[in-house]
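Data first, discussion second: the structure below is written as C-alpha cells.
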DNA sequence: ACGTTGCGAAACTCAGACGTATCGAAATTA
DNA sequence: TAATTTCGATACGTCTGAGTTTCGCAACGT
C-alpha cells in the first residue's frame with residue numbers, strides 16, 4: 003500500500019511468468035501448425051512442448067477450449083497496405099496476402115480448423131472469425147464497393163458474389179492447388195481472370 | 003465341390019451378414035454426418051449405432067481408419083445429366099449439383115473432413131479423392147474445354163483457372179453463405195457471374 | 001447329427017489423457 | 001527473515017476408447 007499502488011494492489015508472492023504464458027500459447031499454435039485438430043490437442047503435449055508444468059496451464063485456463071480460444075485470438079490479421087491506385091491493384095494486394103499466408107503452415111492449419119470445426123466449437127470460432135476474418139472481408143468489400151462507385155466494376159455487380167468469386171477462387175487454389183506452394187504471380191492471374199470472366203470477347 | 007463351385011469355393015460355416023456390413027458403414031457415415039471428425043469417431047459408437055458387436059467390425063476391418071476409408075469410398079458421385087445445349091447450361095447443372103449436396107449434412111461433413119484432415123490421413127483421402135472428386139473435376143473440365151472449342155469461352159482461358167473460379171465461388175458460398183441452405187437460383191447466378199466477370203461493360 | 005464359422009454381448013487389458021495434489025525450489029513483498 | 005505465491009516435476013485417480021477374448025446362440029455345409 004505504500005509504494006506500488008497504481009490501480010491494482012499487487013498481491014504478495016512470486017508473480018506469474020509472462021514468458022511461460024507466451025510459451026504456452028506459442029506451443030499451442032505450433033501444435034496446431036503441425037496439423038493437430040482441436041480434439042487431438044492435448045494439454046500434456048502443450049505443456050511438454052512449452053517446457054512448462056501442467057499446473058501452470060491450469061492456473062491460467064480452466065480447460066482446453068479456453069486455452070485454444072485465447073491462442074487463436076492472438077493471431078491477428080496483418081492487412082496489406084492498399085495503394086489505392088486502382089481496384090485491380092488493391093485486389094491483387096489482398097489476394098496476394100492470402101497466397102502468402104497459404105504458405106505458412108500455422109495459418110494453413112488454423113484455416114482448416116476454422117473451416118471444418120466451426121460447427122463443433124461455435125464459441126471458439128465466433129471469436130476467431132470476428133478477430134481474424136471479419137477485417138479482411140471488410141477490406142475487400144470496401145475495395146469492391148469503391149470500384150463500383152468509380153465505374154471500374156459493373157454497376158449491377160453483387161458485392162457478396164464478387165467477394166465469393168475472388169476469395170473462393172483463391173481458396174480453391176490453396177486447397178487443391180499444387181503441393182509445393184503457389185506461384186508468385188497467382189494473385190495477379192486470379193484477379194485478372196475474375197475481373198474478365200470466362201466468356202469470349 | 004459338387005454343386006456350388008462357381009469360382010470361389012464357399013467355406014463352411016455361417017456366412018457373413020451383408021446386412022451387418024451395410025449397417026456398420028451406414029452408422030459410420032451417419033456419425034460423420036452428425037459432425038464427428040475422424041479422431042472423434044469411436045468404434046464403440048459405430049457398433050452401438052449399427053446394433054452390432056465390436057467383434058463384427060474387427061472381423062472385417064483391422065482398425066478404425068480402414069473402416070472409414072471404406073465408408074467414404076462407398077459415397078459415389080451421382081453426376082448430373084448434362085443437356086449439352088450450351089456450356090452455360092451444363093455448368094449450371096454441375097454447380098447446382100454442388101448446391102444440392104451442400105444441403106445434405108452427410109456430404110457437408112464429408113467435405114469438411116476432406117478439406118481439413120487430408121494432411122493427417124493421406125491414404126484415406128487419396129482413395130476418397132479418386133473416387134468422389136476426380137469424376138466431377140473431369141466432367142467440369144470437359145465442359146470447359148468444349149466451350150473453348152466451340153468459341154463460347156475465351157480461347158486463352160486457363161482451364162484450371164476456370165474450374166477454380168466456378169468451384170471456388172460455389173465453395174465459398176457453401177462455407178460462409180447463409181445458414182439455412184442456399185437459394186435455388188444460386189447456381190445460375192454463380193455461373194453467370196463467373197462467365198461475365200466483374201469488370202464494367 | 002456334427003463341425004465350422006459368424007453373430008451380439010460382455011468382460012477384459014492396455015494406453016493415453018484429463019484434471020488434481022504434492023513436492024522442493026525460486027521469486028517476490030512486508 | 002518470514003509469509004506468500006508461482007514455478008516445473010511428478011504421482012495420482014479416473015475415465016474413455018482401442019483392440020482382444022470369451023460365451024452361448026444362430027446359420028451354414030456335409
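Chains as they are written, first to last, in my numbering: chain A, 3 to 203; chain B, 3 to 203. All C-beta atoms, glycine included, are put in the ideal place defined by N, C-alpha and C. Computed from a predicted structure; not experimentally measured.
Please list, in chain order, the chain A residues whose beta carbon lies closer than 8 angstroms to that of residue i.
| i | result |
| --- | --- |
| residue 37 of chain B | 121 and 122 |
Could you name the residues that DSSP lists as bridge partners for residue i?
| i | result |
| --- | --- |
| residue 155 of chain B | A/201 |
Using the beta-carbon of each residue, which ones in chain B are nearer than 8 angstroms to residue i?
| i | result |
| --- | --- |
| residue 78 of chain A | Going along chain B, no residue has its Cβ under 8 angstroms from residue 78 of chain A, so there is no contact; the nearest lies around 20 angstroms. |
| residue 81 of chain A | Per Cβ cutoff of 8 angstroms: no residues; residue 81 of chain A is ~18 angstroms from chain B at best. |
Which residues in chain A have a C-beta closer than 9 angstroms to the C-beta of residue i? List them in chain order.
| i | result |
| --- | --- |
| residue 132 of chain B | Here the premise fails: no neighbours, minimum Cβ distance about 13 angstroms. |
Chain A partners of residue i, CB-CB under 7 angstroms?
| i | result |
| --- | --- |
| residue 169 of chain B | 174 |
| residue 177 of chain B | 117 |
| residue 166 of chain B | 171, 174 and 175 |
| residue 126 of chain B | Within 7 angstroms Cβ-Cβ: nothing; residue 126 of chain B doesn't reach chain A, min ~14 angstroms. |
So with CB distances below 7 angstroms, who are the chain B contacts of residue i?
| i | result |
| --- | --- |
| residue 153 of chain A | 202 |
| residue 163 of chain A | 191 and 195 |
| residue 159 of chain A | 200 |
Residue i versus chain B: which residues are under 9 angstroms apart at the beta carbon?
| i | result |
| --- | --- |
| residue 101 of chain A | Per Cβ cutoff of 9 angstroms: no residues; residue 101 of chain A is ~13 angstroms from chain B at best. |
| residue 156 of chain A | 198, 199, 200, 201, 202 and 203 |
State yes or no: is the C-beta of residue i nearer than 7 angstroms to some heavy atom of the ligand NAP?
| i | result |
| --- | --- |
| residue 91 of chain B | In the structure on display, the ligand NAP does not appear, and there are no ligands present to speak of. |
What are the residues of the segment 53 to 73 of chain B that lie near chain A, defined by any Cβ-Cβ distance shorter than 9 angstroms?
none
Output the residue ranges of the alpha helix (DSSP H) runs that lie fully inside the segment 45 to 124 of chain B and measure 4 residues or longer, sorted by chain position.
45 to 52, 56 to 60, 66 to 75, 89 to 105 and 107 to 118
Under 8 angstroms: do the segment 162 to 171 of chain A and the segment 132 to 150 of chain A share three or more Cβ pairs, one atom per stretch?
yes
With a cut-off of 8 angstroms, do at least 3 Cβ pairs link the segment 29 to 46 of chain A to the segment 105 to 112 of chain A?
yes
Members of the segment 12 to 44 of chain A near chain B, C-beta cut-off 9 angstroms
37, 38, 39, 40, 41 and 42
Does the segment 49 to 66 of chain A come within contact of the segment 150 to 164 of chain A, defined as at least 3 CB pairs closer than 8 angstroms?
no
Flag this pair as touching only if the segment 126 to 137 of chain A and the segment 72 to 92 of chain A have three or more C-beta atom pairs under 8 angstroms; answer yes or no.
yes
At a cut of 8 angstroms, does the segment 179 to 194 of chain A reach the segment 87 to 95 of chain A through at least three beta carbon pairs?
yes
Counting beta carbon pairs with one atom in the segment 121 to 128 of chain B and one in the segment 66 to 73 of chain B, are three or more of them shorter than 8 angstroms?
yes
Identify every run of the alpha helix (DSSP H) within the segment 160 to 184 of chain B, keeping only runs that are complete inside it and at least 4 residues long; order them along the chain.
161 to 178
Mind listing, in chain order, the continuous beta strand (DSSP E) runs of no fewer than 3 residues lying wholly within the segment 9 to 39 of chain A?
none
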